[in-house]
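J.: My questions all concern the structure below.
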Amino acid sequence: METYENVYLRNIGLFTSEEQRKLKTAAVAVAGVGGVGSYQAVALARQGIGELRIMDPGIFDAPDMNRQYGAMKSTIGRNKAEVTAEILREINPFATVKTYTAAARTASEIDGFIEDCSLVVDAIDYAGFHHKQLLHSRSRSRGLYVLSSPIPGFGATLMVFDPNGMKMEEF
């Protein structure tokens with residue numbers, strides 16, 4: 005099997021060797037791995053993140069196949085977090101990938117999901133606004149940056165919420 009250093013050698017230039025070592029030891033929580041979060045999780049795995057925590061209670065349906073990374077004929081009816089974790093382990097065999105197949109509904113559950121993480125990715129559907137709001141609030145209380153990239157129509161956007169800046173609720 006290849007070494008971590010050899011697999012991620014071509015990241016050097018985009019990152020320094022020291023930054024790549026930091027990525028190897030970093031933990032990132034990704035909440036929601038559908039049409040947006042699945043691609044973000046794959047990008048993080050390809051950058052060599054050492055631990056990925058993937059949360060999504062949803063299952064793949066046929067209409068997901070046109071846009072969601074893990075949605076295929078063979079994955080219809082399967083949990084999105086579990087399928088995405090399998091893909092991530094294939095992409096980055098050096099990473100620890102933890103799955104959360106139930107929605108975090110309490111502050112304590114969110115805290116367990118983001119504990120010891122370096123970054124939080126919010127890809128929760130706006131239909132789950134309460135969960136989105138709780139994720140942002142708990143991340144902010146721990147001093148964590150949150151990346152959020154909702155899809156407005158056929159475009160894309162990226163919002164970075166600084167733990168010391170504007171709250172999601174104020175945006």
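In the numbering used here, the protein residues as written are 5 to 175.
Heads up, the beta-carbon is just placed ideally off N, CA and C, and yes, glycines get one too.
Since this is a predicted model, take the numbers as computed values, not measurements.
#1: According to DSSP, simplified to helix, strand and coil, what is alanine 89?
#2: Do you know offhand how far histidine 134's Cα is from leucine 123's?
#3: Where does arginine 57 fall in DSSP's three states?
#4: Whole-angstrom Cβ separation of alanine 127 and glycine 36, contact assumed at under 8 Å?
#5: Nearest-angstrom Cα distance between histidine 140 and lysine 28?
#6: Report buried or exposed for leucine 162, applying the criterion of at least 16 other Cβ atoms within 10 angstroms of its Cβ.
#7: Rounded to a whole number of angstroms, what is the C-alpha to C-alpha distance between lysine 84 and isoleucine 16?
#8: What would DSSP say about alanine 31, mapped onto helix, strand or coil?
#9: Could you check whether the Cβ of isoleucine 58 sits closer than 7 Å to any heavy atom belonging to the ligand ADP?
#10: In three-state terms, what does DSSP make of asparagine 175?
#11: What is the C-beta distance between isoleucine 114 and leucine 138, in whole angstroms, given that I count them as a contact (C-beta under 8 Å)?
#12: Valine 11: which of Asn96, Val101 and Met170 sits nearest, CA to CA?
T.: Taking the coordinates as given:
#1: Position 85 of the sequence shown, counted from the start, is the residue given in the question as residue 89. Three-state result, alanine 89: helix.
#2: In the sequence shown, counting from the first residue as 1, residue 134 sits at position 130. In the sequence shown, counting from the first residue as 1, residue 123 sits at position 119. Straight-line Cα distance between these residues: approximately 20 Å.
#3: Here residue 57 corresponds to residue number 53 of the sequence shown, with the count starting at 1. In this structure, arginine 57 counts as strand in the three-state DSSP scheme.
#4: Taking the sequence shown and counting its residues from 1, the one referred to as residue 127 is at position 123. Taking the sequence shown and counting its residues from 1, the one referred to as residue 36 is at position 32. About 4 Å separates the two Cβ atoms, so the contact holds.
#5: Within the sequence shown, the letter at position 136 stands for residue 140. Within the sequence shown, the letter at position 24 stands for residue 28. Distance between the alpha carbons of histidine 140 and lysine 28: 25 Å.
#6: Reading the sequence shown from its first residue, position 158 is the one you call residue 162. The residue is exposed, with fewer than 16 neighbouring Cβ atoms inside 10 Å.
#7: Position 80 of the sequence shown, counting from 1, holds the residue named residue 84. Position 12 of the sequence shown, counting from 1, holds the residue named residue 16. Straight-line Cα distance between these residues: approximately 31 Å.
#8: Locating residue 31 in the sequence shown gives position 27, where the first residue counts as 1. Reduced to three states, the DSSP call for alanine 31 is strand.
#9: Ligands displayed in this structure: none; no statement on the ligand ADP is therefore possible.
#10: As a first step, residue 175 is located in the sequence shown; it is residue number 171 there, counting from the start. Strictly speaking, residue 175 in this sequence is phenylalanine, with asparagine absent from that position. Three-state result, phenylalanine 175: coil.
#11: Taking the sequence shown and counting its residues from 1, one reaches residue 114 at position 110. Taking the sequence shown and counting its residues from 1, one reaches residue 138 at position 134. Contact holds; Cβ gap of about 6 Å.
#12: Here residue 11 is taken as the residue at index 7 of the sequence shown, counted from 1. Among Asn96, Val101 and Met170, the Cα nearest to that of valine 11 belongs to Asn96.
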